[in-house]
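Residue numbers (full-length UniProt numbering): 1 to 305.
Reviewing the structure listed below.
Following this line, the structure appears as structure tokens:
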């Protein structure tokens, strides 16, 4: 490996930068919640949080790939040919320094945000950074346990929005159980669908995970029960906007997302028939993305139009 190992294509694959635009959707959802319940949105704070979460997300993806490579027991298969570190023959120290640099960079807007929004955000920040770092790092990484699916889905589709809401309403309001509860109710549909994606990913990777000592929820449930749980959670998540509307937690346009269950289920059928990472997993992700985007758009329409 030459000293000029960090090409743009390598950076994109290592950081999975193509997923970064999703952060815009999550922050838009947080802004919607702030406006709907508190009629205030501090866009400067949201902008700072956007910079923070993008840098943090890139850093987490780097450390996930880095530590998955280090922890891999299947050195000839997964470590050498599947993980981006081995496949591209990337230098360990260089990748570690890149991840550290992005973590440190993410702290700059985070500290400014804490100064502007209040130190009540600090506990959420500590939990968020802890989840991100120890998802793959340490002697007992979260992604090798049955907590893997819940930690990833709740972290990405609830905690991000919760911090966004707290940032948006500061300094007029601060973190409270009422704020956290309302945010959770609004986010629950995407939390459940995101959980099914994490579970599907681990179902598709089950044999590979076992070889590398990762025993996720998919391992303990087995493929048939994992797929059954996915179906149940997708139905509950798809119908939950009705509960939110009846509870006066969401505006009525979110009800339009309920029919989006049909194309979502249709797009996921190939995965249920053949859970395969290369052939059927990414069509499943695309099908779920239709719901994510639709839910966020109709929530925004209900709040601002």
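For each residue, glycine too, the CB sits at the ideal point set by N, CA and C.
Owing to the predicted nature of the structure, the values given are computational and were not obtained by experimental measurement.
In this model, residue 187 and residue 242 are separated by some 13 angstroms (Cα to Cα). Cα atoms of residue 203 and residue 303: separation of roughly 37 angstroms, rounded to the nearest angstrom. With 16 or more other CB atoms across the displayed protein chains lying within 10 angstroms of its CB, residue 226 is buried. Here residue 216 carries a coil assignment [DSSP, helix/strand/coil]. Closest by C-alpha distance to residue 224, out of 254, 210, 275, is 275.
Under the 10 Å beta carbon count, residue 154 is surrounded by 16 or more other beta carbons and is classified as buried. In the structure shown, the three-state DSSP call for residue 143 is helix.
Closest by C-alpha distance to residue 234, out of 269, 253, 209, is 269. With a contact defined as Cβ atoms closer than 8 angstroms, residue 264 and residue 290 qualify at about 6 angstroms. Using a Cβ distance threshold of 8 angstroms, residue 31 and residue 53 do not count as a contacting pair. Rounded to whole angstroms, the gap between the alpha carbons of residue 35 and residue 23 is 18 angstroms. Setting aside the 5 residues that flank it on each side, residue 254 is surrounded in the same chain by 241, 244, 245, 295, 298, 299, 302, each with a C-beta closer than 8 angstroms to its C-beta; the list follows chain order. Spatial neighbours of residue 83 in its own chain (CB-CB distance under 8 angstroms, excluding positions within 5 residues in sequence) are listed in chain order as 65, 68, 69, 72.
Rounded to whole angstroms, the separation of the alpha carbons of residue 160 and residue 104 is 19 angstroms. When DSSP assignments are scanned along the segment 76 to 112, the uninterrupted stretches of alpha helix (DSSP H) that are 4 or more residues long and fall wholly within it turn out to be 84 to 87.
Inclusion of residue 56 and residue 132 in the CB contact set at 8 angstroms is warranted, their separation being smaller than that value. By the Cβ neighbour-count rule, residue 156 is buried, with 16 or more other Cβ atoms within 10 Å of its own. By alpha-carbon distance to residue 206, the top candidate from 173, 107, 222, 16 is 222.
Taking 8 angstroms as the cut-off, the beta carbon of residue 58 is found closer than this to the beta carbon of residue 102. Comparing alpha carbon positions, the residue from 6, 248, 284, 25 closest to residue 182 is 248.
For residue 136, no alpha helix (DSSP H) segment is defined, and its DSSP state is neither H nor E.
For residue 275, the three-state secondary structure derived from DSSP is coil. Within a 10 Å sphere around the beta-carbon of residue 89 sit fewer than 16 other beta-carbons, which makes this residue exposed. Bounds of the alpha helix (DSSP H) holding residue 64 are 43 to 71.
DSSP places residue 225 within a helical segment (H, G or I) once states are collapsed to three. Collapsing the DSSP output to three states places residue 171 in coil.
Here the C-alpha atom of residue 116 lies approximately 10 angstroms from the C-alpha atom of residue 109. When the Cα atoms are used, residue 107 and residue 261 turn out to be separated by approximately 38 angstroms. Distance from the Cα of residue 293 is smallest, within the candidate group 100, 194, 93, for 194.
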